[in-house]
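Let me begin by presenting the structure, written as structure tokens, before commenting on it.
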Amino acid sequence: MSNDLTSFTFASVGDLHVKDGQSGSLREVFQEISKRAGALVLCGDLTDTGTPAQAELLVEQLRACSIPMIGVLGNHDYESECSDQVKRILCDGGVRLLDGQATEVEGVTFIGVKGFAGGFGPRMLSSFGEPAIKTFVAEAMNEAMRLENVMRTVSSQRAVVVLHYAPIVGTVEGEPLEIYPFLGCSRLAETIDRFKVSAVVHGHAHRGKYEGRTPAGAPVYNVAMAVQKPSGLPYALLSV
């Protein structure tokens with residue numbers, strides 16, 4: 251654990267949705283981020299349909315980024331059932347891909363899992379009824395448990411949680427009410443609030459709200475590229 255508590259600024263963005271044939275459109279963004287921040291944090295849905303070719307296209311553009319890169323996968327990155335290949339390509343391209351792990355940059359610990367759906371607050375889906383429902387809820391609980399397991403190992407005074415799915419309802423506001431339960435799950439926030447957390451970043455809710463807080467007050471930022479940020483930039487700049 252670093253004792254240096256000098257403010258550290260990182261950039262974060264999610265939902266890049268790199269498509270087949272897309273080339274160069276993000277290169278200038280990554281170059282700009284390298285000048286403004288000490289790390290780039292990617293919050294899933296990095297590819298549009300989870301193909302190795304799309305991952306290769308993203309890595310080609312990420313070569314413009316000269317700072318540490320940290321990320322998690324999103325649901326789109328699993329679509330083509332090539333997630334192992336996608337992970338390998340991104341890792342070979344220099345991304346520290348987190349899936350129940352933590353990594354440190356200049357005294358700040360970044361902790362990442364994808365998360366899962368399930369709904370929020372007292373209306374969260376419960377493990378009751380058909381086996382398919384129980385399997386769905388078990389996936390959400392497993393992601394929250396994996397997050398807790400790694401957070402218990404962190405001793406840093408500054409911790410940033412990196413997710414794809416939202417941990418609170420506040421940052422999905424603006425999306426159609428009917429899809430709220432599929433955008434995240436409060437089980438993630440329940441886990442986060444057991445620990446000291448400097449910030450939480452996530453994506454997935456393209457029409458959601460930029461900023462909110464967990465019940466215990468941890469700041470949460472929806473950094474999906476399409477979400478309007480106070481800076482007007484397509485990515486968030488956060489200091490911890």
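So for the sequence shown, the working numbering puts the first residue at 251; every next one is plus one. Where is the CB? At the ideal position from N, CA and C, for every residue including glycine. No experiment lies behind these values; they were computed from the predicted model shown.
- Contact between the stretch 372-387 and the stretch 395-409 is absent: fewer than 3 CB-CB pairs across the two stretches fall below 8 Å.
- Within the stretch 303-355, the runs of alpha helix (DSSP H) that reach at least 4 residues and sit entirely inside it are, in chain order, 333-342.
- The secondary-structure analysis by DSSP pairs Ala474 across a beta bridge with Gly264.
- A contact is defined here as three or more CB-CB pairs under 8 Å, and the stretch 435-448 fails this definition with respect to the stretch 474-487.
- Separation of the CB atoms of Ser284 and Ile317 is rounded to 5 Å, and the pair is thereby assigned contact status at 8 Å.
- Nearest to Gly371 by C-alpha distance, out of Pro431, His454 and Ser257, is Pro431.
- Only residues of its own chain outside the window of five on either side were considered, and among them Gly321, Lys337, Leu340 and Cys341 have a CB closer than 6 Å to the CB of Leu347, listed in chain order.
- Taken in chain order, the complete alpha helix (DSSP H) segments of 4 residues or longer contained in the stretch 417-472 are 436-442.
- If you compare the alpha carbons of Gly294, Val450, Ser333 and Val387 with that of His456, the shortest gap goes to Gly294.
- Cα atoms of Gly424 and Val387: separation of roughly 25 Å, rounded to the nearest angstrom.
- Within the DSSP bridge table, the entry for Thr259 names Ser489 as partners.
- With at least 16 other beta carbons inside 10 angstroms of its own, Pro417 counts as buried.
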